[in-house]
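Chemist: Mind having a look at this structure? Questions to follow.
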């Protein structure tokens, strides 16, 4: 009965939202018709119905295959990293590099070096891998250590513990990762279509529609892309809801987890692991160029980037353009990241204190998450123009919801018996949050921060690339037009370095905070 009432409330809220949208759009109250009414968008979809089947099918093929490959690699890698903890430190640099690579920078390179659907599949898989790998590692690392101790007492090893305890405990976290990965796969495929110059796919269709004064068509493409991503998101949201109850602990795990590999780590091994973490991305970079025989005109090895930026005749000009773009991108990235995380934290807390507000807000939040960024940005240009406010909105929209999903998952995993015990001793709902729920959710807060650092930078660069004409994103766009592949590789490398630096700062803070709280880290 309660479930039916919640569904009725959700449908009512959606109906109200659509009604307001229709009235505002029909009266051209926003930006002189930049936001058309729902009926106008549907009429446009019907008029263009013959265009969509081939475009949708091409995007579905690429994003679906990339989703399967990326998530399979992410889960396998997560299990491997937890079983062999030192491997996580060794591959950390490569993992962050994979996630932080700006798709808009590598899409044209992949299109020139790979054929068919492969560039789209690769970008879709890259968009899924890091999210799912991180969710897997967090879920496996936060399992109940008492159950693992019981298996050890009866002679079980690490693999049995993984299969019987950690995988079961990690399932809700993995499913939450898949929820976030589903829209990322669609975004990756559309970005490849948008920058790859192909004929079919929603990205190519969107690119061909940008120059026309037809907001209904742009909104129609955005709606179709959102429905594809939203359907995939909804499937894993239902699965996560069904599995979370069976995987939740009954009581808090108060034992201090034994750090994996404790006692075997030496300063020399730590130094070697750190060195490998730095070198591995560059080795893969060099191997990619050599194994695929990328043409010399467009390929730049790590040494080639150094030569371009410091030793070539145009080095001074390149440095000046890069520094100017960097100073435009970094401040708005920091502000957007802080706002997105703060909004996610407040929303996650509200999901406990005010569930009615959350149900009312979720339809809007789901749209901002499932609408691919390339489709969302042109629509926001129609509404907000091409200034800083656009970049800030894009950054917040792409950071707050993934962070919220992870934070809400952490809050939902706090045992109900523990919360009720605090309230039985007279604690209010807010006191229980401060004393029990928020401290127990700290691993998920840091996981959300690590996840959104590269995503914030990507959001800013895409807004700059498509709309504002500023910063690193615009520098990439200009470099593509001038066939300045040295600058393209340089911006890609710099964005990865920035993401790694900020990621490492979060890891250092995370390690110290969680160790003081007696919790294990995903290290």
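Numbering (the working numbering), first residue to last: 2 to 524.
Each residue gets a CB set at the ideal place from its N, CA and C atoms; glycine is no exception.
A quick note: this is a predicted structure, and the numbers were derived from the prediction, not measured.
(1) DSSP on residue 292, reduced to helix/strand/coil?
(2) How big is the Cα-Cα spacing for residue 238 and residue 24?
(3) From 203, 440, 229, pick the residue whose C-alpha is nearest to that of residue 219; which is it?
(4) If you drop the 5 nearest sequence neighbours on each side, which residues of the same chain put their C-beta closer than 6 angstroms to that of residue 282?
(5) With the cut-off set at 8 angstroms, would you say residue 400 and residue 464 are in Cβ contact?
(6) Between 446, 130, 208, 185, which has its C-alpha nearest residue 78's C-alpha?
(7) Taking the alpha helix (DSSP H) that residue 301 belongs to, which residues open and close that run?
(8) Give every residue of the same chain whose Cβ lies closer than 6 angstroms to the Cβ of residue 411, excluding the five residues on either side of it in the sequence, and list them in chain order.
(9) Count Cβ pairs between the region 383-392 and the region 448-467 that sit closer than 8 angstroms; are there 3 or more?
(10) Can you list, in chain order, the residues of its chain whose CB lies under 8 angstroms from that of residue 138, leaving out five sequence neighbours each side?
(11) For a quick check, are the C-beta atoms of residue 38 and residue 134 less than 8 angstroms apart?
(12) Measuring straight from C-alpha to C-alpha, what distance separates residue 307 and residue 494?
(13) Roughly how many angstroms lie between the CA atoms of residue 247 and residue 140, to the nearest whole one?
(14) Going by beta carbon distance, what residues of the same chain come within less than 8 angstroms of residue 225, once the five residues before and after it are set aside?
(15) Let me know the secondary structure DSSP gives residue 403 once reduced to three states.
(16) Which residue's Cα is closest to the Cα of residue 108: 227, 348, 121?
(17) With burial defined as no fewer than 16 other Cβ atoms inside 10 Å of the residue's Cβ, what is the status of residue 251: buried or exposed?
(18) Measure how close the beta-carbons of residue 132 and residue 499 come, nearest whole angstrom, since I'm counting them as under 8 angstroms.
(19) With a Cβ-Cβ cutoff of 8 angstroms, do residue 385 and residue 114 count as a contact?
(20) In angstroms with no decimal places, state the Cα-to-Cα distance between residue 185 and residue 125.
(21) Using a threshold of 8 angstroms, state whether the C-beta atoms of residue 119 and residue 310 are closer than that.
(22) Within the 8 angstroms Cβ cut-off, does residue 325 reach chain D?
(23) Can you tell me the Cβ-Cβ gap for residue 182 and residue 194, rounded? I've got them flagged as a contact below 8 angstroms.
(24) Just how far apart, CA to CA, sit residue 191 and residue 200?
(25) Please state the DSSP three-state secondary structure of residue 486.
(26) Would you call residue 382 buried or exposed, if buried means 16 or more other Cβ atoms sit within 10 Å of its Cβ?
(27) Pick from 123, 481, 482, 216: whose alpha carbon is nearest that of residue 68?
(28) What's the gap between the Cα of residue 189 and the Cα of residue 480?
(29) What is the rounded straight-line gap between the Cα of residue 352 and the Cα of residue 12?
(30) Using 10 angstroms around the beta-carbon of residue 321, count the other beta-carbons present and answer buried if the total reaches 16, otherwise exposed.
(31) For residue 179, I'd like the list of residues in its chain whose CB is within less than 7 angstroms of its CB, leaving aside the five on either flank, ordered along the chain.
(32) Please state if the CB of residue 486 and the CB of residue 454 are separated by a distance shorter than 8 angstroms.
Modeler: Quick answer:
(1) DSSP places residue 292 in the helix class (H, G or I) of the three-state scheme.
(2) C-alpha separation (whole angstroms): 31 angstroms.
(3) Checking every option, the nearest Cα to that of residue 219 belongs to 203.
(4) 94, 95, 98, listed in sequence order.
(5) Taking C-beta atoms as the reference points, residue 400 and residue 464 fail to come closer than 8 angstroms.
(6) Measuring from the Cα of residue 78, the nearest candidate turns out to be 130.
(7) Neither: residue 301 is in no alpha helix (DSSP H) and is coded neither H nor E.
(8) Contacts found: 442, 445.
(9) They touch, by the three-pair rule.
(10) Only 79, 82, 83, 89, 523 meet the Cβ criterion.
(11) Contact annotation: residue 38 and residue 134 have beta-carbon atoms that are not nearer than 8 angstroms.
(12) Roughly 11 angstroms separates the two Cα atoms.
(13) Confidence in residue 247 is poor, its pLDDT being 48 and thus under 50, which makes the residue's placement too unreliable to answer from.
(14) Within the same chain, 46, 53, 57, 203 come within 8 angstroms of residue 225 by CB-CB distance, once the 5 residues on both sides are set aside.
(15) For residue 403, the secondary structure class from DSSP, reduced to helix, strand or coil, is helix.
(16) Of the candidates 227, 348, 121, the residue whose Cα lies closest to the Cα of residue 108 is 121.
(17) Residue placement at residue 251 cannot be trusted, given a pLDDT of 43 that sits under 50; what the coordinates show is reported in the next sentence. By the neighbour-count rule (16 or more Cβ atoms within 10 Å), residue 251 is not buried but exposed.
(18) About 19 angstroms; that fails the 8 angstroms criterion.
(19) Their beta carbons are not under 8 angstroms apart, which means residue 385 does not touch residue 114 by this criterion.
(20) Distance between the alpha carbons of residue 185 and residue 125: 7 angstroms.
(21) Between residue 119 and residue 310, the CB-CB gap reaches or exceeds 8 angstroms.
(22) Among the chains in the structure shown there is no chain D, since it carries only a single protein chain.
(23) No, residue 182 and residue 194 are not in contact; Cβ-Cβ is about 19 angstroms, not under 8 angstroms.
(24) Approximately 12 angstroms between the Cα atoms of the pair.
(25) Of the three classes helix, strand and coil, the one that applies to residue 486 here is helix, per DSSP.
(26) In summary, residue 382 is buried, with 16 or more beta-carbon neighbours lying within 10 Å of its beta-carbon over all protein chains present.
(27) Nearest to residue 68 by C-alpha distance, out of 123, 481, 482, 216, is 123.
(28) Taking the straight line from one Cα to the other gives about 21 angstroms.
(29) Cα to Cα, residue 352 sits roughly 18 angstroms from residue 12.
(30) Exposed, by the Cβ-count rule.
(31) Same-chain partners within the cutoff: 72, 133, 237.
(32) No, the pair does not count as a contact, with Cβ atoms beyond the cut-off.
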